[in-house]
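Notes to accompany the following structure.
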């Protein structure tokens, strides 16, 4: 398994323009498959426009202690992009002045940002209804300075959302790295012990499931039941909800699809599973994504493709709700990932 | 020009059989869809049965389809292989149980 990002490996696909080229050529250029825009037009949903902002998703940096095979961020220990305190303060200003009810901190491993705790403490005071930290779990064991994070999360009533591709060791470690499963189980125990994920507990602990390969996620509820049963029986672990998230064909997952000769078949699967009713609730309609350097994107995926919002306002420092609301969302073929089957978003299915 | 009899991309065209007989085609797919719905058996259990039968029928399309379906449902490769062995055991058992017929015949014919 690779231990470096595509960027550090000088991989062709670290170049976002190259990714856009792949997504726009081949089967989509020769008309074998319809483009996402033409599908939206079929159901009169083009151009896609945002509704009211509900979620501000803030990417605190691309640095991560893991190098997951499917990572759409191309995160890893070698990535040095980290959000500064100045940009964090600009985000806080926006949080205070919009009606967004949810802050969603992601990365990389957001906890690796040296100002993470300061930011959480300040943001928690802003009276957010739902304050999410997307934790990879293993970071908590990676260094002594992170060991008390579960208590820190509890203190600020953080909603912890963690990745877990399977309830078995083999499938988990293959996607996320050797030893990740055992460490994740250990940290889930730590979280359970202080009240996270327990039935009826206000300390929310949700898991994210990404398929570990070139296939789509099955029914979210059925997977949740299987996860719950297995994790309870095998490890006495409790959690609240499972979010089934489709892998989008960008960055490292795109590299995997191409290298394993699964790209075309995967795109067929996504297009075949296209669901117009999922389009109505795709996350770009109620979420804005902020990058480590303060730029605004329709979603975390567009951020990784370097597709800044199509608006006069492109940076959190210039945030203006009315101007941003009045924009068209930038789409491309990767968007099929969010509209397949029951749909997919950072909060799981949408249809 | 040697072309293979099976082409993986034909699976996606399965629905086209309705074009040449709409009534029966639609009835078949309705039935098919209904069979695999959650019922007294879970959809997961049905997927594993389908995988085992796909092997005994030696249908490459079905094997592709129900291997992928199993992965989507979180079914592990160990579970899939066990299902294939169930199919293989019935197949070989079905062959071997006819050995009794052979034995009966031998016993009847031999002095």
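Chains as they are written, first to last, in our numbering: chain A, 1 to 351; chain B, 352 to 462. Even glycine gets a Cβ: it sits at the ideal position worked out from N, Cα and C.
field: Nonlocal neighbours in the same chain, by C-beta distance under 7 Å from residue 235/A, ignoring five residues either side
entry: 185
task: Taking only beta-carbon positions, decide if residue 217/A is within less than 8 Å of chain B.
output: yes
message: With three or more beta-carbon pairs closer than 8 Å as the criterion, would you say the stretch 311 to 325 of chain A touches the stretch 249 to 267 of chain A?
response: no
Check whether residue 34/A and residue 271/A have beta carbons under 8 Å apart: yes
field: Chain-ordered neighbours of residue 409/A on chain B, where CB pairs are closer than 7 Å
entry: Since the first residue of chain A shown is 1 and the last is 351, residue 409/A is not available in this structure.
field: Between the CA atoms of residue 269/A and residue 360/B - distance to the nearest angstrom
entry: 12 Å
- prompt: Does DSSP put residue 131/A in a helix, a strand or coil?
  reply: strand
field: residue 226/A: contacting residues in chain B (beta-carbon distance under 7 Å)
entry: 425
- request: Report buried or exposed for residue 451/B, applying the criterion of at least 16 other Cβ atoms within 10 angstroms of its Cβ.
  value: exposed
- request: For residue 213/A, decide whether its Cβ has a neighbour in chain B, counting only Cβ atoms nearer than 8 Å.
  value: yes
- prompt: Which residue comes first and which comes last in the beta strand (DSSP E) that contains residue 244/A?
  reply: 242 to 244
task: Put residue 146/A into one of helix, strand or coil per three-state DSSP.
output: helix
- request: Have a look at residue 12/A and residue 18/A and give me their C-alpha separation to the nearest angstrom.
  value: 7 Å
6 Å CB neighbourhood of residue 231/A in its chain, flanking five on each side removed: 167, 237
- request: Identify which residue in 256/A, 180/A, 224/A has its Cα closest to the Cα of residue 245/A.
  value: 224/A
task: Find the nearest neighbour of residue 15/A within the set 95/A, 119/A, 109/A, 303/A, judged by alpha-carbon distance.
output: 303/A
query: In the stretch 376 to 395 of chain B, which residues sit with their C-beta less than 9 Å from some C-beta in chain A, listed in chain order?
result: 389, 393, 394, 395
query: So is residue 423/B buried or exposed if we call it buried at 16+ other beta carbons inside 10 Å?
result: buried
Own chain, CB closer than 6 Å to residue 158/A, minus 5 neighbours either side, in chain order: 131, 133
query: Cβ of residue 70/A less than 8 Å from any chain B Cβ?
result: no
query: So what does DSSP say about residue 60/A, is it helix, strand or coil?
result: coil
query: Between the C-alpha atoms of residue 220/A and residue 243/A, what's the straight-line distance to the nearest angstrom?
result: 7 Å
- request: Give the residues of chain B in contact with residue 168/A, contact being defined as C-beta atoms less than 7 Å apart.
  value: 427
task: Mind checking which residues open and close the alpha helix (DSSP H) that includes residue 102/A?
output: That residue, residue 102/A, is in no alpha helix (DSSP H); its beta strand (DSSP E) goes 102 to 106.
CA-to-CA distance, residue 4/A to residue 176/A, given in whole angstroms: 13 Å
field: Cβ-based neighbour list, residue 437/B, same chain, cut-off 6 Å, excluding 5 preceding and 5 following
entry: 403
task: Let me know the secondary structure DSSP gives residue 322/A once reduced to three states.
output: helix
Cβ-based neighbour list, residue 287/A, same chain, cut-off 6 Å, excluding 5 preceding and 5 following: 55, 57
field: Where the beta strand (DSSP E) containing residue 209/A begins and where it ends
entry: 205 to 209
Length of the line joining the Cα atoms of residue 94/A and residue 290/A: 11 Å
field: Unbroken stretches of the alpha helix (DSSP H), 4 residues or longer, contained in the stretch 218 to 242 of chain A
entry: 220 to 235
- prompt: For residue 227/A, which residues from the same chain have a beta carbon less than 6 Å from its beta carbon, with the 5 sequence-adjacent residues on both sides left out?
  reply: 167, 242
query: DSSP puts residue 160/A in a beta bridge; with which residues?
result: 133/A, 205/A
task: Name, in chain order, the residues that DSSP records as bridge partners for residue 82/A.
output: 61/A
message: What would DSSP say about residue 314/A, mapped onto helix, strand or coil?
response: coil
field: Coarse secondary structure for residue 438/B, derived from DSSP in three states
entry: helix
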